[in-house]
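Protein chains in written order, with my numbering: chain A, 54 to 209; chain B, 54 to 209.
Each residue gets a CB set at the ideal place from its N, CA and C atoms; glycine is no exception.
Report on the structure given below.
Number of protein chains: 2
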Amino acid sequence: MKFSAQEEYGLRCLIRIGKYFKVEKSLTIPEISVYEGISQHNVGKILRILRMGGFLESERGQSGGYTLSAPPDKIKIIDVLFVLGGRLYDDSFCQSHTGMNDICTNTTECSVRSLWKIIQDAVDNVLVNLTLQDLLGTEDNLFSLFDVAPGSNSSN
Amino acid sequence: MKFSAQEEYGLRCLIRIGKYFKVEKSLTIPEISVYEGISQHNVGKILRILRMGGFLESERGQSGGYTLSAPPDKIKIIDVLFVLGGRLYDDSFCQSHTGMNDICTNTTECSVRSLWKIIQDAVDNVLVNLTLQDLLGTEDNLFSLFDVAPGSNSSN
DNA sequence: TTGAATCTTGATAAAAAAGTCAAGATTAAA
DNA sequence: TTTAATCTTGACTTTTTTATCAAGATTCAA
Numbered sequence: 054m055k056f057s058a059q060e061e062y063g064l065r066c067l068i069r070i071g072k073y074f075k076v077e078k079s080l081t082i083p084e085i086s087v088y089e090g091i092s093q094h095n096v097g098k099i100l101r102i103l104r105m106g107g108f109l110e111s112e113r114g115q116s117g118g119y120t121l122s123a124p125p126d127k128i129k130i131i132d133v134l135f136v137l138g139g140r141l142y143d144d145s146f147c148q149s150h151t152g153m154n155d156i157c158t159n160t161t162e163c164s165v166r167s168l169w170k171i172i173q174d175a176v177d178n179v180l181v182n183l184t185l186q187d188l189l190g191t192e193d194n195l196f197s198l199f200d201v202a203p204g205s206n207s208s209n
Numbered sequence: 054m055k056f057s058a059q060e061e062y063g064l065r066c067l068i069r070i071g072k073y074f075k076v077e078k079s080l081t082i083p084e085i086s087v088y089e090g091i092s093q094h095n096v097g098k099i100l101r102i103l104r105m106g107g108f109l110e111s112e113r114g115q116s117g118g119y120t121l122s123a124p125p126d127k128i129k130i131i132d133v134l135f136v137l138g139g140r141l142y143d144d145s146f147c148q149s150h151t152g153m154n155d156i157c158t159n160t161t162e163c164s165v166r167s168l169w170k171i172i173q174d175a176v177d178n179v180l181v182n183l184t185l186q187d188l189l190g191t192e193d194n195l196f197s198l199f200d201v202a203p204g205s206n207s208s209n
């Protein structure tokens, strides 16, 4: 279970653009490239995905650039992550993990599928009310939303 | 954010072997291959990972095969998923997503990192007490552990 | 002791994801 | 009108993950 590079970089670009929303400044691909340390080509590719997902608007030309298509508190992180990386579990998952068979051998009764759904629910519960606005504050503010001690990292 | 094929297939193989634990029967690679619809070569590779992770024991020779190395209620799913697919977030994650730079541009203050940690915590809370034993029952039994209605699938 | 069935391992091939590139379209300012 | 700065798109290359293969080692039973 991993986050994709596209989710990581996409979210970072969106946050970066979001920080300039209230001063009504648009950001260009070269600017974002420098800020985030991602190549211009890659930034362009990622922003295209976000634009087609409806989160960004772009303007061409000499004074062009990217802006949010809605205020940060109207952009739901769960939607952004879906566009950037798909869902953890959906009904097509079993169909793409059938091994050599046409249909999964566990179709009618599958503990693994149930586990994936349960994990998906847990993740959804975290994300359901989270907006881009919540990610524009400090790290501590975000942790406090979820009652997590900033220093605690259960991976250690 | 996706599950890897290795996590899916590995867990299915482990469950399959676990179902035979109480009758003390070992399963061979060809048997598991047929049951799960995964090629023998792939089963062999996946079982090697599970064996090296300490969850399985193998016996060679004409009457060989694989058995659990501990009772199902002693095998923690969180450990199994770690061996099969790593962790969602760990401290090396930022180091591998630095773009073109040597270190991530957001080292000191990073909302994305915080979000990943929060999601990781949510997943850990689901998994922390779950054992292989819980996956050997029916799907409904598993759902009831987490108060999820079997029909409900938030991905729809 | 021989042979069949099994697991073991490292190398290879195929598929998917990530990242790069080049040519083009659009816009605003000089 | 010209020029420079910008976004846009599809194709390509590289890297990572997944799956396959072939040769070998081990064990049991006849």
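For residue i, which option in the options has the closest C-alpha, if you only look at C-alpha atoms?
i, options, result
"Pro124(B)", "Glu110(B), Gly114(B) and Val87(B)", "Glu110(B)"
"Leu137(B)", "Ser86(B), Arg101(B) and His94(B)", "Arg101(B)"
"Gly107(A)", "Ile99(A), Ser122(A) and Cys163(A)", "Ser122(A)"
"Lys98(B)", "Glu89(B), Ile82(B) and Glu112(B)", "Ile82(B)"
"Glu61(B)", "Phe199(A), Asp174(A), Ser164(A) and Leu183(A)", "Ser164(A)"
"Leu103(B)", "Ser86(B), Leu134(B), Phe74(B) and Glu112(B)", "Leu134(B)"
"Arg166(B)", "Gln173(A), Thr184(A) and Leu188(A)", "Leu188(A)"
"Leu183(B)", "Met105(B), Leu198(B) and Phe74(B)", "Leu198(B)"
"Met153(B)", "Ile171(A), Lys129(A) and Val96(A)", "Val96(A)"
"Gln59(A)", "Leu180(B), His150(B) and Asp155(B)", "His150(B)"
"Leu67(B)", "Ser57(B), Gly139(B), Ile130(B) and Asp155(B)", "Ile130(B)"
"Val74(A)", "Ser57(A), Arg113(A) and Asp126(A)", "A small correction: the amino acid at residue 74(A) is Phe; Val does not occupy that position in the sequence shown. Residue Asp126(A) is the option with its Cα nearest to Phe74(A)."
"Leu180(A)", "Asp193(A), Ser57(A) and Asp132(A)", "Asp132(A)"
How big is the Cα-Cα spacing for residue i and residue j?
i, j, result
"Glu77(A)", "Asp177(A)", "31 Å"
"Leu195(B)", "Gly117(B)", "32 Å"
"Ser205(A)", "Leu64(B)", "Because Ser205(A) sits at a pLDDT of 47, beneath the cut-off of 50, its placement in the model cannot be relied upon, and the following sentence gives the value as read from the coordinates. Each residue's alpha carbon lies about 29 Å from the other."
"Ser208(B)", "Ile91(A)", "Per-residue confidence for Ser208(B) stands at a pLDDT of 40, beneath the threshold of 50, marking its modelled position as unreliable; no derived number is given."
"Lys55(A)", "Phe146(B)", "10 Å"
"Leu168(B)", "Asp143(B)", "12 Å"
"Ser79(B)", "Tyr119(B)", "5 Å"
"Gly190(B)", "Ser86(B)", "22 Å"
"Trp89(B)", "Gln186(B)", "Inspection of the sequence shows that residue 89(B) is occupied by Glu rather than by Trp. Whole-angstrom Cα-Cα distance: 19 Å."
"Ala175(A)", "Gln115(A)", "45 Å"
"Gln148(B)", "His94(B)", "34 Å"
"Arg69(B)", "Leu141(A)", "23 Å"
"Ile171(B)", "Gly71(A)", "21 Å"
"Glu84(B)", "Met105(A)", "47 Å"
"Gln173(A)", "Ser57(B)", "14 Å"
"Arg113(B)", "Gly139(A)", "42 Å"
"Asp155(B)", "Asp193(A)", "25 Å"
"Ile128(B)", "Ile128(A)", "41 Å"
For a contact meaning CB atoms closer than 8 Å, what does residue i contact in chain A?
i, result
"Ile68(B)", "Ser164 and Val165"
"Leu109(B)", "Per Cβ cutoff of 8 Å: no residues; Leu109(B) is ~17 Å from chain A at best."
"Leu134(B)", "Met54"
Name the chain A residues that come within less than 7 Å of residue i, Cβ to Cβ?
i, result
"Thr81(B)", "Simply none; closest approach about 17 Å."
"Phe199(B)", "Ile171"
"Glu60(B)", "Met54"
Let me check one thing: in DSSP terms, what residues is residue i bridge-paired to?
i, result
"Ser111(B)", "Tyr119(B)"
"Thr81(B)", "Thr81(B) is not bridged to any residue."
"Lys55(B)", "Lys55(A)"
"Thr151(B)", "Thr151(B) is not bridged to any residue."
"Thr184(A)", "Lys129(A)"
Name the chain B residues whose beta carbon is nearer than 8 Å to that of residue i?
i, result
"Lys55(A)", "Met54, Lys55, Ser57, Gly138, Gly139 and Leu141"
"Asn178(A)", "Ala175"
"Leu217(A)", "Since the first and last residues shown for chain A are 54 and 209, residue 217(A) lies out of range."
"Ser92(A)", "Gly152 and Met153"
Can you tell me whether residue i sits near the ligand SAH, meaning its C-beta is under 7 Å from at least one heavy atom of the ligand?
i, result
"Ser111(B)", "As far as ligands go, the structure on display features none, and thus does not contain the ligand SAH."
Identify the contact partners of residue i in chain A, using a Cβ-Cβ distance below 9 Å as the criterion.
i, result
"Leu188(B)", "Ser164, Val165, Ser167 and Leu168"
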